[in-house]
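Q: The sequence shown begins at 905 in this note's numbering and counts up one residue at a time. Ideal Cβ placement from N, Cα and C applies to all residues, glycine included.
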Amino acid sequence: MDDLHDLPRASGLPGVDRRIVSAFRACGADPCVAGAARALSRAGEHGAVWLAVGLAGALVDRPRRGAWLRGTALTAGAHVAGSVVKRVVRRPRPAHVAPLVGTAGRHSFPSSHASSSAAAAVAFGALGARAVPPLAAAVCVSRLVAGVHYPSDVAAGAVLGALTARLGARWMTGGPA
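This is the structure we're talking about:
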């Protein structure tokens, strides 16, 4: 039942969500795409790649060490916020596709990978880390290809993360909170 054409035609957002995740998951049939999705999903687990980027930035960019560390804290905070909302909403992960990766939990809304990735894109992007936004987008897409999130999970997580980082931007750069 994970073939896009075998899905029953559900209507509304749930139906669109199911069809889109099925289409992305079908891309994972290519071994190269599946490998990339697995690697990106693992790197984004608990925001690990973003914590590493933030700490590396703090080590390399000594004049802005505090901003890098505060951006790292905002990124971690966005991940925690996503995890908290996930425990409240308790939306099940897609069951109509076979996942490419294991997950830390059973719930999918919002995507904590997307929360931490969007927060990193905003926070570290503001510090000039140009590679972070495209990598963050790739981590978000990997969750769809891996079949462990609906598009609305990823979109909500990205909004939560970007908002978290944006609200903390003045604090991050050393201004008043």
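Mapping DSSP to helix, strand and coil, what is HIS1017?
A: The residue labelled residue 1017 in the question sits at position 113 within the sequence shown. Helix.
Q: So, for ALA1025: in the same chain, excluding its five sequence neighbours on each side, which residues have a beta-carbon less than 6 Å away from its beta-carbon?
A: Taking the sequence shown and counting its residues from 1, the one referred to as residue 1025 is at position 121. Excluding positions up to five away in sequence, the list reads VAL1036, PRO1037, ALA1040.
Q: Between SER1015 and VAL957, is the Cβ-Cβ spacing less than 8 Å?
A: Within the sequence shown, residue 1015 is the residue found at index 111, counting from 1. Within the sequence shown, residue 957 is the residue found at index 53, counting from 1. It is not a contact, given that the beta carbons lie outside the stated cut-off.
Q: Measure from the alpha carbon of ALA1002 to the alpha carbon of each residue in PHE1013, THR1077, MET1076, CYS931, then state which is nearest.
A: Here residue 1002 is taken as the residue at index 98 of the sequence shown, counted from 1. The candidate whose alpha carbon is nearest that of ALA1002 is CYS931.
Q: Rounding to the nearest angstrom, what Cα-Cα distance links ALA999 and ALA1027 in this structure?
A: In the sequence shown, counting from the first residue as 1, residue 999 sits at position 95. In the sequence shown, counting from the first residue as 1, residue 1027 sits at position 123. For ALA999 and ALA1027, the distance between alpha carbons rounds to 34 Å.
Q: Alpha carbon to alpha carbon, what distance is there between VAL1049 and PRO935?
A: Position 31 of the sequence shown, counted from the first residue, corresponds to residue 935. Position 145 of the sequence shown, counted from the first residue, corresponds to residue 1049. Cα to Cα, PRO935 sits roughly 12 Å from VAL1049.
Q: Determine the DSSP secondary structure at HIS1011, reduced to helix, strand or coil.
A: In the sequence shown, counting from the first residue as 1, residue 1011 sits at position 107. In this structure, HIS1011 counts as strand in the three-state DSSP scheme.
Q: Is the stretch 986-993 touching the stretch 1006-1015, taking contact as three or more C-beta pairs under 8 Å?
A: A contact exists between the stretch 986-993 and the stretch 1006-1015.
Q: Beta-carbon separation of LEU1064 and ALA977 under 8 Å?
A: Taking the first residue of the sequence shown as 1, we reach residue 1064 at position 160. Taking the first residue of the sequence shown as 1, we reach residue 977 at position 73. Against a cut-off of 8 Å, the Cβ pair of ALA977 and LEU1064 comes out as no contact.
Q: Do TRP954 and SER1046 count as a contact pair if the criterion is CB distance below 8 Å?
A: Looking up residue 1046 in the sequence shown gives position 142. Looking up residue 954 in the sequence shown gives position 50. No. Outside cutoff.
Q: From what residue to what residue does the alpha helix (DSSP H) around VAL1043 run?
A: Within the sequence shown, the letter at position 139 stands for residue 1043. Counting along the chain, the alpha helix (DSSP H) containing VAL1043 begins and ends at 1036-1049.
Q: Considering only C-alpha positions, which residue in the set ALA960, GLY961, GLY948, ALA1033 is nearest to GLY1006?
A: By one-based count along the sequence shown, residue 1006 stands at place 102. Measuring from the Cα of GLY1006, the nearest candidate turns out to be GLY948.
Q: Restricting to Cα atoms, I'd like to know which of THR1077, SER1056, ALA1018, ALA1060 is closest to HIS950.
A: Numbered from 1 along the sequence shown, position 46 holds the residue referred to as residue 950. It is ALA1018.
Q: Tell me the residue span of the alpha helix (DSSP H) that contains ALA1151.
A: The shown model of the chain, from 905 to 1081, leaves out residue 1151, and the question about it has no answer.
Q: Taking the Cβ atom as the reference point for each residue, do THR1077 and ALA1023 lie within a distance shorter than 8 Å?
A: On the sequence shown, position 173 is the one that residue 1077 refers to. On the sequence shown, position 119 is the one that residue 1023 refers to. No, the pair does not count as a contact, with Cβ atoms beyond the cut-off.
Q: Among ALA1008, ALA1030, LEU963, ALA985, which residue has its Cα nearest to the Cα of ALA1062?
A: The residue labelled residue 1062 in the question sits at position 158 within the sequence shown. Comparing Cα positions, the closest option is ALA985.
Q: I need the DSSP call for PRO996, collapsed to helix, strand or coil.
A: Working through the sequence shown from its first residue, we reach residue 996 at position 92. Here PRO996 sits in strand by DSSP.
Q: DSSP three-state call for HIS1053: helix, strand or coil?
A: The sequence position of residue 1053 within the sequence shown is 149, counting from 1. HIS1053 falls in the coil class under three-state DSSP.
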